[in-house]
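Below: one structure, written as structure tokens.
Chains as they are written, first to last, in the working numbering: chain D, 24 to 265; chain Z, 24 to 265.
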């Protein structure tokens, strides 16, 4: 009887994975994942059977991992947290009686936040701008309500070729509710090779520097920039005693 | 010249920390943190100077860590992600010219989510019900807008003696926007000693099992329970090809 670990490896590379994730990979004889993610954890993969796949066909990848897990210890890996826009949901939806363990990781907004300072210190939300599975009207509605609620907003999948204008439009929606001097961070490849981070104000934001490997973080009404770092205070009264 | 690492140790214990966090602690000669957090990483603390403090007085703890970091390598530790309701914000607010590095960790909603299944698979938000630094009216407004936007909602600090009714009231607000059969999870001490998890429906939710060590996760309109796991689909069309 085998089992399946659904692992979030964090931002990429070994350093920001949990020990638990590393141990699960060690225990596994088969590793399944998108080619680029497999590459990121290569030092851990000596003597493992590898099933790497392209980005599309997630359902097939999940089916394969579930089938293999009947007689093997299998790790299905993806970046970030396996439970946030990761593979854990689809696996549990498709699961019949296979033994499945979800192992969390550091999600992309946490990784990106740490690179630019402490933007996520107060109530915050993650919104994906991908319309592959969600109507764009619903996405825009969420952006509007999050802006109105003064959440710090992390935008996942902010841009792709098929929808080049979504990000710009969503930033315009946010501008209706936020002052133009609050910070916006664009972090590309956070905490992995090729990391690039930019902090600007909402007013000066230009979506041209954003690509599909970026996370965009928009501050709340109290966020500010100090010494090049993006800071959101924990509350509305920093002098208050906790 | 010293430096300060602001470290999120994740849910607690060594297993869910990142290797990066472990290395930073190893490199440090002084460790600062709340007594209970120090206890969680004790195996890493041989030959370290320890400054453990009570829960209150966070500003003093930060000041101490910053002062010590002028001539020492200091790790200031807290659970979860240091950048989400953690210590990174206050440190960067108070920082003068000290060298500060923020090291992220697995935040409590990710940890709690992994215990009950995959509740955070789609757009989601974190809201703290603590009113120490934020007016309760603002908190309720956020809960309302998050409910209206169909976000999966993770409630941090859901209950304390000083505000026993907030959670119940916020759940009532959510009920105005969600069907009563969607799942709600209460996870106490996620991924650490004393872990307890319960999944109920919004209709059957009873706030009596919730305490200050719990995270409460409320599903979106598509969330459901299958074989005892709390699943939120990735989108509104699971058959769509990505």
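In this text, a Cβ means the ideal position worked out from N, Cα and C, and glycines have one as well.
All values derive from a computational prediction rather than experimental measurement.
query, result
"Please classify residue 235 of chain D as buried or exposed, where buried requires at least 16 other C-beta atoms within 10 Å of its C-beta.", "exposed"
"Among D:68, D:46, D:248, D:53, which one has its Cα closest to the Cα of residue 91 of chain D?", "D:53"
"Indicate the three-state DSSP secondary structure (helix, strand or coil) for residue 58 of chain Z in the structure shown.", "helix"
"In chain D, which residues lie less than 8 Å from residue 25 of chain Z when you measure between Cβ atoms?", "Near residue 25 of chain Z there are no residues of chain D at all, since even the closest Cβ is about 18 Å away, more than 8 Å."
"Taking residue 129 of chain Z and residue 104 of chain Z to be in contact with their CB atoms under 8 Å, please state how far apart those CB atoms are, rounded to whole angstroms.", "7 Å"
"My guess is that residue 30 of chain Z and residue 98 of chain Z are in contact by the Cβ rule of under 8 Å, so how many angstroms apart are they, rounded?", "5 Å"
"When DSSP labels each residue in this structure, what does residue 206 of chain Z get in the three-state scheme?", "strand"
"Beta carbon of residue 294 of chain Z, beta carbon of residue 230 of chain Z: below 9 Å?", "Because chain Z spans 24 through 265 in this model, residue 294 of chain Z falls outside it and cannot be assessed."
"Could you give the C-beta distance for residue 127 of chain D and residue 106 of chain D, rounded to a whole number, given that I count them as a contact under 8 Å?", "6 Å"
"Using CA atoms only, rank isn't needed, just tell me which of Z:194, Z:218, Z:212 is closest to residue 224 of chain Z.", "Z:194"
"Quick one, which of Z:35, Z:241, Z:33, Z:257 has its alpha-carbon nearest residue 139 of chain Z's?", "Z:241"
"Can you find the residues in the same chain that come closer than 7 Å, C-beta to C-beta, to residue 262 of chain Z, ignoring five residues on each side of it along the sequence?", "Note on residue 262 of chain Z: pLDDT 38, under 50, position unreliable in the model; no value is reported."
"What are the residues of the region 170-199 of chain Z that lie near chain D, defined by any Cβ-Cβ distance shorter than 8 Å?", "171, 172, 173, 174"
"Quick check on residue 183 of chain Z: does DSSP put it in helix, strand or coil?", "coil"
"Using a Cβ-Cβ distance under 9 Å, would residue 43 of chain Z count as near chain D?", "yes"
"Mark residue 120 of chain Z as exposed unless 16 or more other C-beta atoms lie within 10 angstroms of its C-beta, in which case mark it buried.", "exposed"
"Which whole-angstrom value is the C-beta distance of residue 201 of chain D and residue 170 of chain D, which I expect to be below 8 Å?", "6 Å"
"Kindly indicate which residue of D:244, D:115, D:67 has the alpha-carbon position closest to the one of residue 82 of chain D.", "D:115"
"With DSSP collapsed to three states, give me the class of residue 53 of chain D.", "strand"
"Can you pull the chain Z residues whose beta carbon is under 7 Å from the beta carbon of residue 255 of chain D, in chain order?", "112"
"Could you have a look at residue 221 of chain Z and say whether DSSP puts it in helix, strand or coil?", "strand"
"Check whether the Cβ of residue 206 of chain Z lies closer than 9 Å to any Cβ atom in chain D.", "no"
"What residue range is occupied by the uninterrupted alpha helix (DSSP H) comprising residue 189 of chain Z?", "189-198"
"Would you call the CB atoms of residue 177 of chain D and residue 135 of chain D closer than 9 Å?", "yes"
"Going by DSSP in three states, residue 261 of chain Z sits in which element: helix, strand or coil?", "Confidence at residue 261 of chain Z is low in this model, with a pLDDT of 40, below 50, so the placement of that residue is unreliable and no value is reported for it."
"Considering only residues of the same chain and omitting the five flanking positions on each side of residue 35 of chain D, which have a CB-CB separation below 6 Å?", "63, 102, 215"
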